[in-house]
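Reading through the structure tokens given below for one structure.
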Amino acid sequence: MQENKQLVSSRGEPLGRDQDTGRSKERRQENSEFVSVIVKRTDETFRHPDDILEKAIGEGLEQISRPTLSLLLSAVAAGMILCFTVLAVAVMATLMTEGEHPFSRVILAASYPLGFVLCILSRTQLFTEHTATAVYPVLDGKAKINRLFRLWGIVILGNLLGGLFSTGLLMAAEPVIHASEGYLVLARHLLAYPVQTLFVSAILAGWLMALGAWIVLSTYSTLSQIVSIYIVTFLIGLGGFHHSIAGSIELFVGYFSSDSIGFWQLPPVILTALAGNLVGGSVFVAMLNYGHIRHSQRADNKAKK
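Residue 1 is where the sequence shown starts when you use the UniProt record's numbering, and the numbers rise one by one after that.
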């Protein structure tokens, strides 16, 4: 005959089957307080184009809405930071002039992105990065075009002022840097081309910069953003394309480094590069991206109806 086993507590007291132990009460309490959680994957590499566009519009609105002084100071900071690109390339160019190197162009291009990485990740206002981004809210009807022109004007002014200030710092540190020959090489590269060639070169540079800004918005990790910035600016350096702000600093340091460059040679080159960068970023990136994404969204909405 099977014996009934008696449950006892840790203190030896008998427990009935309908009687709870302390641990069972704890479990019941835990179950009542339990909240189910849906685990969502967060290992996506890229955002959907619709999400990128909405993020770009949001960032564009934020830029357009910034107070004038805040925008100007941020643009000045960007122009100052970009001097490190000119510094890196000029130092390498100076070293290359001491002897021909079969990969000199690649080496110079590899140095070119360094200042851009610092500038863009610092979230300061660089004209060519935000040329396209600020266009999206205007195309979407959420901002007026005069506000866009205001943004461009302030950022260009701030970038040039920052570049001019950083030029003074580079000149003051020249006894340490020893890059005067490189500065002349960079400045003469800008002055060596006719206006139409310079304009097309600047369009390509503006296209790549705005494309880089779009790709940065599409990625989640800082490492991916650094790689994106490096790729597009490496291509600019490799192709020898003309970036308006970096090119302006190159002209400034070339002008102060040598009497062979006249002041009035600078404005036409700077204005042409600015115009080309603007066209490349606004038309080749902003309008095309906005157009194809919004067209796809309208087509999807019609298909659902």
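Just so it is clear, CB atoms sit at the ideal spot from N, CA and C, and this is done for glycine as well. Every value quoted in this text rests on a predicted model; they were computed, and no experiment measured them.
Apart from the 5 residues on each side of it in sequence, E59 sits with its Cβ closer than 6 Å to the Cβ of T133 in its chain, given in chain order. Here the alpha carbons of Y136 and A286 stand approximately 6 Å from one another. Leaving aside the five residues that flank M80 on each side, the residues in its chain whose CB is nearer than 7 Å to its CB run, in chain order, G162, F165, S166.
For T219, the secondary structure class from DSSP, reduced to helix, strand or coil, is strand.
Pairing G115 with V89, the inter-Cα distance amounts to about 10 Å. Taking S65 as reference, the option from R294, A213, W152 with the minimal CA-CA separation is W152.
For H189 and L82, the gap between their C-alpha atoms comes out near 18 Å. When the five nearest sequence neighbours on each side are left out, the beta carbons in the same chain lying within less than 6 Å of the beta carbon of L53 are those of I293, in order along the chain. Between the alpha carbons of S258 and S221 lies a gap of roughly 43 Å. Exposure of A172 is indicated by the presence of fewer than 16 other C-beta atoms within 10 angstroms of its C-beta. With fewer than 16 other Cβ atoms inside 10 Å of its own Cβ, Q297 counts as exposed. D140 sits in coil when the DSSP states are folded into three classes, being neither helix nor strand. A contact between stretches requires three or more CB pairs, one per stretch, nearer than 8 Å, and the region 209-224 fails this requirement with the region 246-253. Exclusion of the five residues before and after V91 leaves I177, A179, G182 as the residues of its chain whose Cβ lies within less than 7 Å of its Cβ. Counting of Cβ neighbours within 10 angstroms places T128 among the buried residues, the total reaching 16 or more. Nearest neighbour of L126 by Cα position, chosen from R47, G239, G206, turns out to be G206. Under the DSSP assignment, G60 falls in the alpha helix (DSSP H) whose first and last residues are 49-65. Its Cα nearest to that of M96, the residue V185 stands out among N31, V185, T272. For the pair P113 and F234, the CB atoms are nearer than the 8 Å cut-off. Residues A88, V89, M92 of the same chain have their beta carbon placed closer than 7 Å to that of S111, with the five preceding and five following residues left out of the count. Where G153 is concerned, the enclosing alpha helix (DSSP H) starts and stops at 145-172. Within the same chain, no residue comes within 7 Å of V227 by CB-CB distance, once the 5 residues on both sides are set aside.
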